[in-house]
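Notes for the one structure printed next.
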Amino acid sequence: MSSSQPNSPPQPSGVLARDSTTWTTTEVDRWEARAGRSHIGTVVFTHRYEVRGWSGEVFGDHTSLESAKAQVEALARWNLGERLWSPDAVD
11 MSSSQPNSPP QPSGVLARDS TTWTTTEVDR WEARAGRSHI GTVVFTHRYE
61 VRGWSGEVFG DHTSLESAKA QVEALARWNL GERLWSPDAV D
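Number 83 in this note's numbering belongs to position 73 of the sequence shown; there are no gaps in the numbering.
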């Protein structure tokens, strides 16, 4: 391999490994995560903190906001080398 970083996965357009996750509170019980300019996930509090896809499908629920945010961030990192992460694209 002739790359200067042989162990680095290919970077998809839109989200880069160096992009840190930023969280924004969009409503009283709703948080959205972004890496760079790309939306990577949403956490909504109902009776628990739910990780949701854009279609509204729930991909996980947690007893703490920190755990739900960690799931969003971990899934984004895990999938970074394959394609832009979308909770709706998880098989």
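Cβ coordinates follow ideal geometry from the N, Cα and C atoms, glycine included.
Residue range T31 to E37 is occupied by the beta strand (DSSP E) that includes T32. In this structure, the alpha-carbon of G51 lies about 7 Å from that of R62.
The three-state reading of DSSP puts S77 in helix, counting H, G and I together. With respect to the C-alpha of E83, the residue from T34, R47 and A43 having the closest C-alpha is A43. Taking C-beta atoms as the reference points, V53 and A78 count as a pair closer than 8 Å.
Nearest neighbour of S48 by Cα position, chosen from E76, V38, R58 and T31, turns out to be T31.
Proximity to G46 across E60, G70, W33 and W88 peaks at W33, based on C-alpha coordinates.
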